[in-house]
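A.B. asks: Residues -26 to -1, 1 to 107 (mature numbering (1 follows the signal peptide of the UniProt record, and there is no 0)) are what the sequence shown spells out, left to right. The beta-carbon is built from N, C-alpha and C at its ideal position, and this holds for glycine as well.
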Amino acid sequence: MKKNVFKTLGLSLLIASSALTSTAFAADKKSETEKIEVTPMSDSVTKQELAAIYVLSEICPSLIGKDLKFNKAYDNLVKAYLSNDANAVETLNKRVKGKDFQEALKEARADAKAASDNDNRQICDDVRNYYSK
């Protein structure tokens, strides 16, 4: 009888520990990966945010190819940041040509260049999948 109790208890502990171990490692893995937020968080949009979005239009076609789903998603992303301006992409394209925008654009391009192709491709995929709806 004692043997069965110990077997049951041991088996229960083994199952519980294996279930908790996978959860613990999943939590560690999650904290190691950096998440980049691409959704507008406030009403005021900075030049740096708009520059980062614009740079996506420069780097994503070479990373993921010409993709109509990405183009639609990019348009939706720009509209989300520019208060649903009907000509949001055109407005952004005009803004980035201004002298006051060049420093933010230079910084965004440097950030994109410093990131790996895989990281940039993941951001492009995230935009395509999230904003194409």
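What's the C-alpha gap between K40 and L79?
C.D. replies: Between K40 and L79, the C-alpha separation is close to 23 Å.
A.B. asks: Which class does A89 belong to by DSSP, given the choice of helix, strand or coil?
C.D. replies: Reduced to three states, the DSSP call for A89 is coil.
A.B. asks: Determine, using beta-carbon pairs with one atom in the stretch 80 to 96 and one in the stretch 21 to 37, whether at least three such pairs fall under 8 Å.
C.D. replies: Judged by Cβ distances under 8 Å, the stretch 80 to 96 makes contact with the stretch 21 to 37, as three or more pairs qualify.
A.B. asks: Going by CA-CA distance only, name the one from K43, S90, E81 that's closest to A25.
C.D. replies: Checking every option, the nearest Cα to that of A25 belongs to E81.
A.B. asks: For A54 and R95, what's the separation of their Cα atoms in angstroms?
C.D. replies: Cα-Cα distance, rounded: 21 Å.
A.B. asks: Do you know how far the Cα of V63 is from the Cα of S5?
C.D. replies: Note on S5: pLDDT 44, under 50, position unreliable in the model; no value is reported.
A.B. asks: Tell me the rounded alpha-carbon separation between A20 and I97.
C.D. replies: Sequence check: residue 20 is Thr here, not Ala. Approximately 19 Å between the Cα atoms of the pair.
A.B. asks: Exposed or buried, L42, counting other C-beta atoms within 10 Å across all chains shown (16 or more means buried)?
C.D. replies: Its Cβ having fewer than 16 others within 10 Å, L42 is exposed.
A.B. asks: Measuring CB to CB, does T65 end up less than 7 Å from L56?
C.D. replies: The answer is yes: Cβ separation under 7 Å.
A.B. asks: Looking at A47: is its Cβ nearer than 7 Å to the Cβ of V101?
C.D. replies: Yes; because the gap between Cβ atoms is below 7 Å, this pair is in contact.
A.B. asks: Excluding the 5 residues preceding and the 5 following C34 in the sequence, name in chain order all residues of the same chain whose CB lies nearer than 7 Å to its CB.
C.D. replies: Same-chain partners within the cutoff: F44, C98.
A.B. asks: Spatial neighbours of D49 within its chain, please: CB distance less than 6 Å, with the 5 preceding and 5 following residues excluded, ordered by chain position.
C.D. replies: Closer than 6 Å at Cβ, skipping near neighbours: V63.
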